[in-house]
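In what follows, a single structure is set out as structure tokens and then discussed.
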Amino acid sequence: MSSCSSMASLLITPPTATLQLKEDRMRVSPVITNPSSKIDQTGLRNSRRHGRCFVTKSKMTVEGDVLEKQSVSVQDKNDFGVVSVHHVGLLCENLERSLSFYQNLLGLEINEARPDDKLPYRGAWLWVGSEMIHLMELPNPDPLTGRPEHGGRDRHTCIAIRDVAKLKAILDKAGKC
């Protein structure tokens, strides 16, 4: 066994990990994102471990194609379960230049499971730990000029929620007050 593969086996999380969130338990299942990869170079910079091997990422998003949707009962009726920041959307003028910075200087990896061909603009999703940065190349990346008053979908922070139906009920009720 090579030293790289034996080291990688020490860094890979077990198939199922249990996290304690308040009084409820939530199961987190790793997803293999790049089985042929070696250890993430950003994880072992200067012989110091900065992160886990990037061959696993947690299944914790609100996207239908990734999330195993299941409600988690909570004692507090208003606790819909903020889990984490899922991603942050950033505007860029030149996708290649931005990717060069985030990949080559910061060592971030592209999330290949999030293709940009479903959107009307070029972009890329980059892993930052278990969260992501969504780079969006727009013809005019100025944050004010030509943007809709409501802010649109181009500048945003997405928060992962454990129980979207519960949050919707809370928001619907608040809108009727």
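Each position in the sequence shown, counted from 1, maps to that position plus 6 in my numbering.
Just so it is clear, CB atoms sit at the ideal spot from N, CA and C, and this is done for glycine as well.
Original post:
Just the Cα atoms here: how many angstroms apart are D169 and G95?
Top reply: For this step, residue 169 is matched to residue 163 along the sequence shown. For this step, residue 95 is matched to residue 89 along the sequence shown. Cα to Cα, D169 sits roughly 22 Å from G95.
**OP:** Using the Cα positions of S136 and H93, report the straight-line distance between them to the nearest angstrom.
**Re:** Here the question's residue 136 lines up with position 130 in the sequence shown. Here the question's residue 93 lines up with position 87 in the sequence shown. Cα-Cα distance, rounded: 9 Å.
Original post:
Would you call Y127 buried or exposed, if buried means 16 or more other Cβ atoms sit within 10 Å of its Cβ?
Top reply: Within the sequence shown, numbered from 1, the residue matching residue 127 stands at position 121. So Y127 counts as exposed.
Original post:
Which value, in whole angstroms, describes the spacing of the CA atoms of W133 and C164?
Top reply: Taking the first residue of the sequence shown as position 1, residue 133 is located at position 127. Taking the first residue of the sequence shown as position 1, residue 164 is located at position 158. Approximately 14 Å between the Cα atoms of the pair.
Subject >> Reference H140; option with closest CA among V89, L97, G87 >> reply: Numbered from 1 along the sequence shown, position 134 holds the residue referred to as residue 140. Ranking the options by Cα distance to H140, first place goes to L97.
**OP:** Using the Cα positions of K179 and F86, report the straight-line distance between them to the nearest angstrom.
**Re:** The sequence position of residue 179 within the sequence shown is 173, counting from 1. The sequence position of residue 86 within the sequence shown is 80, counting from 1. Whole-angstrom Cα-Cα distance: 14 Å.
**OP:** Starting from the C-beta of Q109, find all residues in its chain whose C-beta is less than 8 Å away, skip the five residues before and the five after it, and write them out in chain order.
**Re:** Here the question's residue 109 lines up with position 103 in the sequence shown. Correct list, in chain order: E115, I116, L132.
Subject >> CB of A130 within 8 Å of CB of D122, strictly >> reply: Position 124 of the sequence shown, counting from 1, holds the residue named residue 130. Position 116 of the sequence shown, counting from 1, holds the residue named residue 122. Result yes, Cβ atoms of A130 and D122 sit closer than 8 Å.
Original post:
Under the DSSP definition of a beta bridge, which residues are partnered with G113?
Top reply: Here residue 113 is taken as the residue at index 107 of the sequence shown, counted from 1. Beta-bridge pairing links G113 to no other residue.
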